[in-house]
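K.L.:
Pasting in a structure now, in structure tokens, and then I'll have a few things to ask.
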Amino acid sequence: MKNSPPTFQRVMSTTLESWRQFCQVYLDDIVVFSKSYDQHLVHMKKVFECLKENNLQLNPSKCSIAHSNIDYPGSTITEKTITPLNEKINAILKLSEPGTLRWTKDQSAAFHELKKMLTTAPLLLNFPDDSRPIILSTDASDYGIGGVLQQQNNGETHNLYYHA
């Protein structure tokens, strides 16, 4: 049964694929997002109808409907931002240097600086504003790649997405 989670994910993603512009699925977590309450009601109706047509049921006691912020795998999502949960930040803070490697002082300093960067502000990601241009910055080496999507708003640069 080791393939059960990916199979279930594929079924759920395929089932709700028509509503991807306002619905995200991670295993049995379904998030519906909208710009207004009235729009949210329309979106929810479409998702409920789709689930019903596919003989899928929700557990009402596990449903949260019409919330402006939620905890969703590893993050807190609000109307404007995504921030990591405190438990994720604490897990990074508790990381110790690998004992199987012999590091120089520079490598040790870089490890601790990276932990600091990953656990202090700005930790949040912003949702894109479709009316503004997106800035893509990338870097690569023989060993890896990295990038960030950003937007400027009122002279401030806001991070939208990181990749490494």
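Residue numbers are given in full-length UniProt numbering: position 157 of the sequence shown equals residue 157, and the series is strictly consecutive. For every residue, glycine included, the Cβ atom is placed at its ideal position computed from N, Cα and C. Because the structure is a prediction, the values reported are computed rather than measured.
(1) Could you spell out where the beta strand (DSSP E) holding asparagine 163 opens and where it closes?
(2) Taking the continuous beta strand (DSSP E) assigned at isoleucine 77, which residues delimit it?
(3) At what residues does the beta strand (DSSP E) containing glutamine 140 begin and finish?
(4) Which residue marks the beginning of the beta strand (DSSP E) containing leucine 149, and which one marks its end?
(5) Measuring CA to CA, which of Gln107, Leu118 and Ala109 is closest to proline 84?
(6) Please go through the same chain and pick out, in chain order, the residues whose beta-carbon is closer than 6 Å to the beta-carbon of threonine 15, but skip the five residues on each side of it.
(7) Which of the three DSSP states is assigned to isoleucine 92 in this structure?
(8) So leucine 136 and leucine 125 are supposed to be a Cβ contact under 8 Å. How far apart are they, rounded?
(9) Should valine 11 be labelled buried (16 or more other beta-carbon atoms within 10 Å of its own) or exposed?
(10) Should valine 25 be labelled buried (16 or more other beta-carbon atoms within 10 Å of its own) or exposed?
(11) What residue does the beta strand (DSSP E) around cysteine 23 start on, and which one ends it?
(12) The beta strand (DSSP E) that contains threonine 81, what's its start and end?
(13) Let's test the definition: count the other Cβ atoms within 10 Å of the Cβ of isoleucine 77 and tell me whether it reaches 16, buried, or not, exposed.
(14) Opposite tyrosine 72 in the DSSP bridges: which residues?
(15) Under the three-state reduction of DSSP, which class applies to leucine 125: helix, strand or coil?
P.N.:
Judging by the given coordinates:
(1) Reading off the sequence, residue 163 comes out as histidine, not asparagine. Taken as a continuous stretch (DSSP letters only), the beta strand (DSSP E) holding histidine 163 covers 156-163.
(2) 75-77
(3) Per the sequence presented here, residue 140 reads as alanine, with glutamine not at that position. That run of the beta strand (DSSP E) goes 135-140.
(4) 145-153
(5) Leu118
(6) Asn54
(7) helix
(8) Going by Cβ atoms, the distance from leucine 136 to leucine 125 rounds to 15 Å, so no, they are not a contact pair.
(9) exposed
(10) buried
(11) 23-26
(12) 81-84
(13) buried
(14) Ser75
(15) strand
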